[in-house]
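Chains as they are written, first to last, in our numbering: chain A, 3 to 132; chain B, 1325 to 1611. Before any comments, here is the structure.
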């Protein structure tokens, strides 16, 4: 059974390309383009991992993160932040908050996949099963 | 008695005049102070606008680059279907330039932060010999593919500086990256020396060299010399300017020597780490 990843980003093109990359690596992907819908989707779909953009309307990424960490069904779901503001300060803050990892845009696809595998507890050499 | 009284009156008058003068001076100072406060607020506002501008531009440029890069990568990798060799060649060219654009954006943002005094150094005890060895290991495969040798010259086993590790890696990466770009034959050597006053690092190459006319411009922005058009990673012309700013932020110095068509040597210094006080020992530092 493929692992399920929820990708959240207000930029629809970014959502599309990340989803395409993850599907090509045999992950099941659901998407959301704002914070409120992201929390709803997370509760409904119970993903194994969430990739979450930091800067978004209707509940910025940090606010979504905090909400998810309070809810029973999502509090232990690992979350990787993705951002076009890759400052050391932001990286430090999100990791201190309890995020699993941090990816800067534009990302290196190998780096993104390695971090996804690590967050899902997969061996980096293996391709996930379809 | 009259003269005494007169003198007393004159004194009182003088005091009144002085008092009036001081009052006027006080009022002028208050007006100047208010002006200064106003200018300060305006400057702070400009500074905040500049930071916001930098952050906004960063976001607005990086986001479409993300999409472009991923689309091109996925087509190139065959994820979206088969491609012809010619299509793959052109897509590779596109990818190279997307990555180059990303480097330009990163460098411009670094420069902006450094010039605005917003770059923060996370200083700690850093073994520069170990750090240099790591950089050599990173670049060795590329050097090997270009039939170039990267040598390390480390007279001491350790050389402990009080520095921001990531920034120093950035400097070494810029210098070594440049050396590889401008060196067709021979070797590149990185040396680290633990001197009494500071740690001194050199990146030497047997490349094309820099003319005497161009030497003074080497650390200026957007300057590239002797770059021959052809395959290989193109620079942004900002790496040396950034390196200079980083070293100066560390209260170090950076300079270049070169002989055209023969060699180039970049040298920079970093403050040393004092194990007793946990601070730097370099006399160049402010009190």
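We put the beta carbon where it would ideally sit given N, CA and C, even for glycine.
- Between the beta-carbon of residue 25 of chain A and that of residue 1386 of chain B there is about 23 Å, and that puts the pair past the 8 Å contact cut.
- With a threshold of 9 Å between beta carbons, residue 26 of chain A makes contact with chain B.
- With a contact defined as Cβ atoms closer than 8 Å, residue 44 of chain A and residue 33 of chain A miss out at about 12 Å.
- Boundaries of the beta strand (DSSP E) harbouring residue 1526 of chain B: 1523 to 1529, taken from the DSSP string.
- The C-beta distance from residue 66 of chain A to residue 54 of chain A rounds to 6 Å, short enough to meet the 8 Å contact threshold.
- According to the DSSP assignment, residue 1581 of chain B belongs to the beta strand (DSSP E) that extends over 1578 to 1583.
- Residue 1578 of chain B and residue 1570 of chain B have their alpha carbons spaced roughly 10 Å apart.
- Here the C-alpha atom of residue 1471 of chain B lies approximately 40 Å from the C-alpha atom of residue 1378 of chain B.
- Across the structure, residue 1333 of chain B and residue 1348 of chain B are spaced so that their CA atoms are roughly 22 Å apart.
- Taking C-beta atoms as the reference points, residue 1513 of chain B and residue 1476 of chain B count as a pair closer than 9 Å.
- Listed along chain B, no residue sits closer than 7 Å to residue 96 of chain A by beta-carbon distance, the nearest being about 16 Å off.
- Judged by DSSP in its simplified three-state form, residue 1589 of chain B adopts strand.
- Think of a sphere of 8 Å around the beta carbon of residue 1403 of chain B: the chain A residues whose beta carbon falls inside it are 22, 23 and 26, in chain order.
- For the C-beta of residue 1395 of chain B, the chain A residues within less than 7 Å are, from N- to C-terminus, 19.
- When C-beta atoms of the region 1508 to 1528 of chain B are compared with those of the region 1456 to 1467 of chain B, three or more pairs fall below 8 Å, so the two segments count as touching.
- In this structure, the straight-line span from the alpha carbon of residue 1489 of chain B to that of residue 1595 of chain B is close to 13 Å.
- Neighbours of residue 29 of chain A across chain B, judged by C-beta separation under 7 Å, do not exist; the nearest C-beta is about 13 Å away.
- Distance from the CA of residue 1416 of chain B to the CA of residue 1384 of chain B, rounded to the nearest whole angstrom, comes to 24 Å.
- Residue nearest to residue 1435 of chain B within the set B:1593, B:1363, B:1583 and B:1572 is B:1572 (criterion: CA-CA distance).
- For residue 109 of chain A, the closest Cβ of chain B is nearer than 9 Å.
- Taking the beta carbon of residue 87 of chain A as reference, the chain B residues within 9 Å of it are 1379, 1382, 1383 and 1386, listed in sequence order.
- Under the three-state reduction of DSSP, residue 1464 of chain B is assigned to helix.
- Assigned with DSSP and collapsed to three states, residue 1515 of chain B falls in strand.
- DSSP places residue 63 of chain A inside the alpha helix (DSSP H), whose first and last residues are 63 to 72.
- Put simply, of A:73, A:82 and A:86 the residue whose alpha carbon is nearest the alpha carbon of residue 1380 of chain B is A:86.
- Counting along the chain, residue 95 of chain A sits inside the alpha helix (DSSP H) bounded by residues 90 to 99.
- Interface annotation, residue 64 of chain A: not in contact with chain B, CB-CB separation never under 9 Å.
- Taking all protein chains shown into account, residue 102 of chain A has 16 or more neighbouring C-beta atoms within 10 Å of its C-beta and is therefore buried.
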